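From first to last, the protein sequence lines stand for chains L, P, U, R, W, G, H and A.
The opening position of the first sequence corresponds to residue 25 in this note's numbering, with each subsequent residue numbered one higher.
The opening position of the second sequence corresponds to residue 25 in this note's numbering, with each subsequent residue numbered one higher.
The opening position of the third sequence corresponds to residue 38 in this note's numbering, with each subsequent residue numbered one higher.
The opening position of the fourth sequence corresponds to residue 38 in this note's numbering, with each subsequent residue numbered one higher.
The opening position of the fifth sequence corresponds to residue 32 in this note's numbering, with each subsequent residue numbered one higher.
The opening position of the sixth sequence corresponds to residue 32 in this note's numbering, with each subsequent residue numbered one higher.
The opening position of the seventh sequence corresponds to residue 3 in this note's numbering, with each subsequent residue numbered one higher.
The opening position of the eighth sequence corresponds to residue 3 in this note's numbering, with each subsequent residue numbered one higher.
For glycine and all other residues, C-beta sits at the position ideal for the given N, C-alpha and C.
Predicted model, so just to flag it, every value in this text is computed and none were measured.
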Amino acid sequence: MLEIRVHGRGGQGGVIASKILAYAFAMEGKYVQAFPEFGVERRGAPVTAFIRVSEGKINIRSKIYEPQHLIVLEPTLLGAIDITEGLKDGGFIVINTKKRPDELNLKVKNSKIATVDATGIALKYRLGSSASPIVNTAILGGFAKATGFVKIESIVEAIKKEVPIKPEENAQAAIEAYNSTLM
Amino acid sequence: MLEIRVHGRGGQGGVIASKILAYAFAMEGKYVQAFPEFGVERRGAPVTAFIRVSEGKINIRSKIYEPQHLIVLEPTLLGAIDITEGLKDGGFIVINTKKRPDELNLKVKNSKIATVDATGIALKYRLGSSASPIVNTAILGGFAKATGFVKIESIVEAIKKEVPIKPEENAQAAIEAYNSTLM
Amino acid sequence: MSEQKVIMGNHALSYGAVTSRVQVVAAYPITPQTQVVELLSEMCADGTLDAEFIKVESEHSAMAASIGASAAGARAFTATSSQGLALMHEMLHWAVGARLPIVMGNINRSMAPPWTIWSEQTDSLSQRDTGWLQIYASSNQEVYDSVLIAYKVAENKKVSLPVMIVLDAFFLSHTSENVNLIDQKDADRYLKPYNPEFKLDIKNPHTFGGLTTADWYMELRYKIQKAMEDSIDVIKEAHKEFKDLFGREYGLVETYKCEDADTILVAIATAASTAKEVIDELRKEGKKVGLLRIRFFRPFPFDDVKKNLKNSKKVIVLDRNLSPGNGGIVYQEVKSALYNEPVKPKVYGYIAGLGGRDITVDTIKKLFEDAQKSEPAEVKWMEVKI
Amino acid sequence: MSEQKVIMGNHALSYGAVTSRVQVVAAYPITPQTQVVELLSEMCADGTLDAEFIKVESEHSAMAASIGASAAGARAFTATSSQGLALMHEMLHWAVGARLPIVMGNINRSMAPPWTIWSEQTDSLSQRDTGWLQIYASSNQEVYDSVLIAYKVAENKKVSLPVMIVLDAFFLSHTSENVNLIDQKDADRYLKPYNPEFKLDIKNPHTFGGLTTADWYMELRYKIQKAMEDSIDVIKEAHKEFKDLFGREYGLVETYKCEDADTILVAIATAASTAKEVIDELRKEGKKVGLLRIRFFRPFPFDDVKKNLKNSKKVIVLDRNLSPGNGGIVYQEVKSALYNEPVKPKVYGYIAGLGGRDITVDTIKKLFEDAQKSEPAEVKWMEVKI
Amino acid sequence: MIKKIGKKIIFEKADDLPPNAMSLGTTEFNETGSWRNERPVVDKDKCIACGICWKFCPDMSIKEDAQGKAEIDYVFCKGCGICAAECPVKAIKMIEEEK
Amino acid sequence: MIKKIGKKIIFEKADDLPPNAMSLGTTEFNETGSWRNERPVVDKDKCIACGICWKFCPDMSIKEDAQGKAEIDYVFCKGCGICAAECPVKAIKMIEEEK
Amino acid sequence: MKYSIPEKELINPGHLACQGCGGALAMRIVLKTLGENTILTIPACCWSVIDGPFPYSAVKVPLFHTAFETAAITAAGIKAGTKKVEKEYIHSVAWAGDGGTFDIGLQALSGAAERNDDIFYFVYDNEAYMNTGIQRSSATPKGAWTTTTPTTFPKLESKKDLDAIVAAHNVPYQATVSVSYPEDFTKKLEKAVKKRGFKFFHILAPCPPGWKTNPEDTIKLGRMAVESGIFPLYEIENGENYTINMPSPKKELKPVNEYLLKQGRFRHLKEKDIELIQEIINKRWEKLKRLAGV
Amino acid sequence: MKYSIPEKELINPGHLACQGCGGALAMRIVLKTLGENTILTIPACCWSVIDGPFPYSAVKVPLFHTAFETAAITAAGIKAGTKKVEKEYIHSVAWAGDGGTFDIGLQALSGAAERNDDIFYFVYDNEAYMNTGIQRSSATPKGAWTTTTPTTFPKLESKKDLDAIVAAHNVPYQATVSVSYPEDFTKKLEKAVKKRGFKFFHILAPCPPGWKTNPEDTIKLGRMAVESGIFPLYEIENGENYTINMPSPKKELKPVNEYLLKQGRFRHLKEKDIELIQEIINKRWEKLKRLAGV
Ligand SMILES: Cc1ncc(C[n+]2csc(CCOP(=O)(O)OP(=O)(O)O)c2C)c(N)n1
Ligand SMILES: Cc1ncc(C[n+]2csc(CCOP(=O)(O)OP(=O)(O)O)c2C)c(N)n1
Ligand code: SF4
Ligand code: SF4
Ligand code: SF4
Ligand code: SF4
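This is the structure we're talking about:
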């Protein structure tokens with residue numbers, strides 16, 4: 025079973041990202057669960073979402089306390105909260121940032137870090153406003169590339185089905201992210 | 025245990041009569057219950073109330089199906105409904121009417137019938153309006169006289185405690201009825 | 038010193054509130070409760086009772102106003118019935134979560150539709166999961182006395198929960214009978230002014246009931262359950278003190294000829310009163326029968342129920358209520374209470390008297406007869422025309 | 038033909054309503070239910086669903102509007118949660134007495150105060166005495182399928198009662214997972230247009246719900262109970278037909294490795310899903326354990342519960358709810374159901390997971406451990422910080 | 032089985048009842064004439080057939096006779112006296128019911 | 032026992048809790064500065080101490096410095112930008128938080 | 003006989019209203035005009051009793067008894083339902099007492115008015131909770147006795163101005179009517195029947211036991227209420243266009259004291275109380291004339 | 003620094019409002035004037051979250067969280083309670099969102115107003131159910147998007163005229179106010195504090211996520227609302243005496259389109275939709291001026 029955690033801020037679309045990603049997996053025949061941290065977070069406050077992926081039916085319905093993989097939509101969070109809480113060894117961390125993985129100085133033991141400038145890509149495709157670009161689709165391209173768990177084609181298709189506004193541009197953003205992810 | 029049923033019309037005060045009578049008994053050290061037929065009767069429609077009187081605590085809390093005694097506040101009811109339904113033998117029936125008991129032609133086996141012109145008395149003491157005189161206190165005097173179950177003094181005292189408007193006149197009406205009851 | 042009156046159950050509630058010196062009354066009329074409100078509004082108008090009377094626009098608001106008043110530290114009272122009680126439902130939960138010692142009278146009436154105004158206990162019993170203490174009375178004297186006892190228990194810091202005093206429509210509410218009123222001075226010795234541990238206090242400002250996450254919500258519920266459990270002793274003390282002062286004795290349950298009984302009837306409210314007649318009659322016939330009247334249905338008196346029933350062979354539960362798709366509520370809870378006992382009587386449940394159908398001496402006799410000759414079943418009906 | 042989507046439980050409800058071709062939707066938003074309403078209002082706006090959407094001013098009105106629509110002969114749907122459900126309470130009774138086959142989704146959330154939005158089943162379980170059928174779902178697929186099944190059962194003339202489909206806040210409502218949607222044409226074969234026996238009909242005018250005295254009220258209640266009892270077979274048929282058409286199988290209860298189990302866990306909703314993991318683990322350790330998930334809590338599935346539990350030695354009931362002053366509701370009802378059985382397992386009850394506290398694999402393991410080494414008690418708490 | 036005695040409906044058992052308390056008969060079973068303390072009596076000579084009493088009767092107890100004049104339906108008339116009070120020519124009198 | 036770590040309140044067990052969820056501390060435990068994407072920076076030279084930014088801040092995050100000029104409380108300021116938008120002399124600039 | 007209002011009766015005699023009930027007469031008038039394509043919704047009120055006990059009913063159209071606080075929304079639900087299942091246009095009618103309208107049903111009423119739900123709403127206003135035995139409602143006039151406003155402390159507050167509240171919702175049509183003016187009533191009904199959206203009628207319905215009046219005075223009292231301006235008859239369209247029907251805005255109002263003193267519920271009033279009430283009436287009448295632009 | 007409104011803060015930072023929340027600012031302004039003798043009642047709304055999770059609270063006065071539909075009556079209950087148990091005079095304050103006021107809490111509000119209960123009622127109007135994620139309320143303006151009035155079918159009905167509804171209750175004091183005009187707001191509060199009976203404040207409180215606006219524009223939007231006359235500031239005493247404070251009744255209103263187009267929730271509007279909205283505003287403005295006699 026894959027267990028993934030997504031970090032973002034209220035209003036950024038982290039929860040939708042988790043759902044699109046789950047959908048992409050489902051299109052590859054997987055059983056999935058995607059759910060937000062169950063809170064009342066307001067715009068600006070840190071939010072979290074989760075994804076489970078499995079070959080078989082998923083019976084377990086409690087939260088994910090020890091994810092193996094992380095997706096970070098908002099680089100400023102790295103300073104604000106402990107994103108690696110409960111993180112298991114040996115997974116991937118995909119971060120939206122202009123920086124290269126080695127510039128980040130993240131304190132993680134055995135995780136592979138990937139970075140992608142999702143914000144830059146979102147701005148380029150005019151996703152969201154320039155003050156708050158919507159980076160949730162772009163970063164999924166980065167996740168696909170970094171982990172190889174899911175095909176970029178599935179991500180693209182999931183985006184097209186799930187995103188009501190500018191589905192094409194969002195898909196393009198994911199592909200561009202896929203192609204520009206650094207590890 | 026005494027079980028008494030009171031017949032009247034909505035608006036005439038039959039339920040209050042039952043309560044005053046019960047109170048009078050209580051003042052003589054009895055345990056009592058007084059309650060209306062549990063309905064939604066409107067002004068003008070026939071209504072019924074009940075009284076239980078006992079030397080000891082009254083545990084039974086169902087309705088009275090077979091009363092021994094009757095009090096009838098409204099002579100026109102005699103034609104409209106079967107007031108003797110369930111009536112036990114050997115009790116008293118006290119009726120507000122100008123007529124003498126033998127003029128009434130009531131089909132009862134072993135009950136003693138008493139009559140009293142409670143309406144006339146109520147009008148005399150200006151109880152209620154002339155269109156709808158309030159006869160409920162007067163008839164209790166008749167009941168006291170006819171049955172001898174309760175002292176007229178107790179009735180008078182109960183009236184004075186329980187009737188907010190014209191208590192004195194109501195008491196007088198009861199006494200006058202007491203003195204003019206025919207059997 | 039005490040005065041005897043002949044009053045209806047509804048007025049017994051009103052007088053109980055007066056003797057308890059309630060400070061805020063908020064109520065809305067509904068048959069068969071109206072006389073409670075009418076008398077109180079008269080007494081507030083003429084100064085007999087020094088209380089604020091809020092003539093609210095619905096029962097929902099009656100309970101909300103009571104909650105506000107109680108949170109501000111005042112002794113609050115209300116009364117309702119059936120539809121009104123149901124309309125309050127969300128606020129019933131609220132009073133409990135906010136831990137407010139409100140006392141409410143509820144006149145049992147069956148639930149609409151169809152429209153009905155007659156006695157049945159589904160209205161209050163279907164509030165059994167809200168966390169209110171519930172007293173089912175079987176005489177007007179008990180109604181009156183229970184108001185004082187209810188405040189005494191509710192306001193005890195170990196409890197801090199609201200109490201509902203339940204009386205059968207008409208069979209108590211509209212039936213006038215002898216009631217001894219307690220002299221105010223004596224009452225004041227029994228029931229002290231409400232002096233809450235927490236209240237809305239400008240000198241010590243706090244917020245009450247803020248969003249509580251999974252971290253601690255469960256512990257707050259635990260405390261409510263704990264308060265319910267602790268209330269058992271508080272009730273016993275309150276009863277004892279009441280008896281010492283006023284001579285009248287109450288328990289969580291009332292037993293009648295149970296000691297040596299092999300068949301015990303379990304009932305609540307007025308049906309239990311009528312049942313005494315039956316017990317007496319059957320005893321005369323040499324039958325070893327007894328009665329267990331559950332007076333406090335919440336907290337459920339597990340110990341008393343177990344203790345009194347465990348030596349019997351058969352238990353008959355009379356339910357004037359229905360939980361559709363399950364059965365009689367008291368039946369269910371009695372069975373559940375006895376379940377883990379080592380030796381268990383057979384327990385029979387009967388539904389009778391819904392919608393004001395009279396429960397007579399005869400009705401109750403039939404229960405004993407049926408239980409003699411049949412096996413228990415989930416739902417048995419008595420005197421239903423089928 | 039069916040389409041697979043990845044949708045949250047709330048949307049599973051909305052899609053279920055669409056596939057059921059509901060005609061009137063009246064709903065009011067409340068966390069964690071809002072997405073149900075939002076999606077439906079979108080689909081009504083864009084024509085996907087040909088229904089009247091009444092954007093009511095409260096949940097009380099949501100249920101009243103549903104009642105009106107259903108009484109007029111339309112298929113009515115609504116959804117709510119906790120406070121909203123509680124606010125509807127009087128109307129819940131109404132829908133039952135009026136015998137209207139409304140279907141409602143309820144997202145379980147604990148009751149305020151204090152404010153909370155997290156999962157707990159006290160909200161819906163405390164409606165257990167209102168006469169609604171209740172389905173507790175444990176996956177989004179089940180949520181979706183249950184909407185169709187619910188209408189099928191509710192509208193059956195033998196039943197004519199409303200059905201509540203209950204899903205855990207967040208654990209289902211906000212969790213997106215694989216759901217196969219049924220092709221509309223196939224769905225139409227399963228669920229025919231609503232064709233009521235009685236409705237408000239100007240061609241055949243009647244009054245519904247007029248004042249009913251003690252003469253016949255009780256018989257009307259009897260008929261409700263009868264309908265509940267009859268619904269058992271109706272549900273079984275509806276499940277069978279569903280399986281025949283769509284391949285997915287449901288029961289009044291779901292059993293998991295019960296046959297030879299000496300210890301059986303009883304649970305409802307998502308906790309029962311998680312429990313399967315535990316059963317598997319414990320089975321691997323050689324322990325004979327099983328799971329009984331109660332899917333229909335009303336009508337209470339007496340036969341299935343008895344049949345599946347009677348051969349076990351220990352039964353463990355997990356309650357994510359509290360009836361203060363009594364204990365866990367499912368515990369109570371299971372004990373009550375088993376009471377008159379000749380041989381009875383020991384039944385343990387535990388309260389866990391209130392206010393959204395997570396019920397994990399560990400939590401459930403602890404129940405098994407505790408029940409191994411202790412005696413049952415009225416109220417036991419699991420993972421409460423005391 | 033449902034029986035009808037006049038306008039009265041007699042059920043025998045639960046099975047006879049519509050489950051939702053649907054009405055099966057009309058209030059005409061209820062002969063509210065028995066509520067009357069006073070009865071309205073029309074003086075047909077005075078009556079000018081204006082229809083005002085008919086218009087105001089809350090109990091639909093004023094009918095037209097062969098001459099188009101007002102006629103009281105004593106089966107239902109509750110004796111409220113509105114007709115007498117409103118009759119512009121005082122053609123209706125309220126007289127006490129016999130006791 | 033109730034512990035306090037800074038403004039945070041730490042309960043150990045049910046007994047510590049007020050039964051009615053009464054508050055025991057203030058929201059100051061919650062350093063909402065972490066929500067910020069952009070930070071307001073006051074140009075003290077420009078600031079005329081008019082108090083307008085103070086008046087409109089929904090988060091009480093504008094204080095007076097020794098000179099009576101505006102000073103931001105970055106512990107709590109959420110970075111909404113109202114102060115910058117409303118300053119009549121444009122003495123406040125919003126600059127991106129470092130990523 | 004002359005029939006100045008439709009002849010057809012859609013209610014049966016034998017109903018359970020008191021002698022001289024204004025509320026019963028009101029229903030009689032309304033159904034005559036609305037006709038058979040009507041479905042009634044009635045919450046708790048005297049009419050839940052008047053209509054007769056199960057299995058009987060006084061009305062000849064479908065009637066749904068609903069909970070006290072839900073008249074408007076249940077009718078809106080019925081309307082939505084009939085839209086989906088009936089071919090014919092149906093008048094969905096909420097019929098409630100003043101308590102069910104001014105107090106406990108106000109929210110549902112406001113919601114339906116705001117959504118402009120296509121229903122009729124009738125309040126038969128007998129100025130108290132009569133079904134439960136004469137308790138104060140917010141429609142009870144200032145100074146009146148009820149069992150919850152005893153003569154030692156009669157109602158302090160003025161009658162809630164529900165018509166203004168409804169007008170604030172800008173509903174297509176609303177009117178005040180009286181059982182004492184059946185022709186005016188019928189005319190307005192005929193007008194309203196043609197409108198779509200929310201239609202509101204406020205009916206003054208004298209109640210002999212509740213007002214402590216003689217049953218035969220019901221019509222007279224209704225007339226006195228109109229003539230004294232304590233209950234003027236007027237219409238409002240779209241919340242804006244006011245038309246005063248009665249009394250004539252050109253004439254002086256008749257003094258209210260006669261109206262008040264005919265009623266037991268006002269008999270405790272002192273002269274200065276009556277003067278105060280007269281003042282309030284005069285002020286409201288001026289305001290109404292202003293709104294009507296006369 | 004210049005303090006044009008009271009300096010003292012009665013709320014703490016760290017509260018959970020979104021960036022740029024008008025509702026948070028509104029509370030800040032109100033408590034400054036009401037001071038410490040204040041008890042707040044808050045039903046479900048954003049403020050039930052803003053105030054902070056247990057065991058924390060943002061306000062420095064007692065606060066009772068109550069059920070969604072009960073703000074006014076709970077405050078009335080608190081008032082009645084304090085009357086009996088407190089020596090000092092206490093402002094009992096109901097503080098609710100528009101949903102809790104215009105919709106689900108309207109009945110309790112009307113009841114309290116009718117009884118003239120001695121409380122303050124504040125509605126911070128962000129024109130939708132924000133706490134649950136932006137659903138329509140009856141305060142949502144015509145044409146607005148919400149999650150239950152999608153852009154394919156934006157809100158049809160006009161905003162409910164709650165101020166007129168409250169005015170129909172003839173309450174001692176009521177006013178519309180805006181967070182963009184704290185001085186006006188404070189002045190009115192000072193006036194109201196001296197009154198006894200029911201006092202009602204309608205606050206326009208811009209909400210960035212709900213209106214789809216930038217947080218820094220909150221104050222600007224409040225200003226534009228006033229200047230365009232879509233939310234004029236005025237007072238009413240005893241339901242009769244109207245005073246318009248802003249914009250000046252003598253000047254032309256600023257066109258509303260700029261205000262609308264600054265907000266994502268209106269961005270789908272066509273020109274003719276905006277014209278219609280402008281017309282409605284103009285009409286309401288004329289009516290208001292008429293009522294104020296200017
Ligand atoms: C929720 C609820 N509360 C109270 C009642 C009791 N009740 C029934 S009718 C009624 C009074 C109705 O008054 P109104 O609406 O003025 O109509 P009227 O009886 O005067 O015709 C009341 C209080 C009820 N049925 N439901
Ligand atoms: C009875 C009930 N129904 C629904 C809810 C869910 N709910 C909580 S806050 C809210 C919206 C509040 O809207 P509003 O009053 O406008 O305040 P805002 O959130 O916009 O500040 C809703 C629907 C609830 N708590 N209780
Ligand atoms: S940015 Fe916003 S929160 Fe920060 S100081 Fe300015 S106004 Fe206050
Ligand atoms: S608004 Fe600008 S000038 Fe005024 S105090 Fe603030 S920073 Fe200074
Ligand atoms: S109490 Fe009044 S409204 Fe009710 S039926 Fe009697 S007269 Fe009519
Ligand atoms: S959603 Fe709007 S009202 Fe609610 S906290 Fe955020 S900005 Fe304030």
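The beta carbons of I117 of chain P and L94 of chain P sit about 4 Å from each other, so the pair counts as a contact at 8 Å. For A104 of chain L, the nearest beta carbon of chain G is closer than 7 Å to its own beta carbon. Sequence-distant partners of S103 of chain U (beyond 5 residues in either direction) whose C-beta falls short of 6 Å from its own C-beta, in its chain, are A63, A113, T115 and I139. The beta carbons of V190 of chain U and A54 of chain U sit no closer together than 7 Å.
Assignment of beta-bridge partners to L328 of chain R by DSSP yields R:Y293 and R:L302. A Cβ closer than 5 Å to some heavy atom of ligand 2 marks a residue here, and those residues are R:P66, R:I67, R:Q120, R:G121, R:L124, A:A46, A:C47, A:C48, A:F70, A:G99, A:D100, A:G101, A:G102, A:N128, A:Y131, A:M132, A:N133 and A:T134.
Our two residues, Y227 of chain U and E370 of chain R, have alpha carbons roughly 39 Å apart in a direct line.
Every residue with a CB closer than 6 Å to a heavy atom of ligand 3 is listed here in chain order: G:P71, G:C88, G:D90, G:S92, G:I93, G:I103, G:C108, G:K109, G:G110, G:C111, G:G112, G:I113 and G:C114. For the beta strand (DSSP E) assignment, the uninterrupted runs of no fewer than 3 residues enclosed by the stretch 191-222 of chain R are, from N- to C-terminal side, 200-205 and 213-219.
In this structure A170 of chain H touches G241 of chain H by the C-beta definition: roughly 7 Å separates them, less than 8 Å. With a cutoff of 6 Å, S112 of chain A does not count as near ligand 1, since its C-beta is closer than that to no heavy atom of the ligand.
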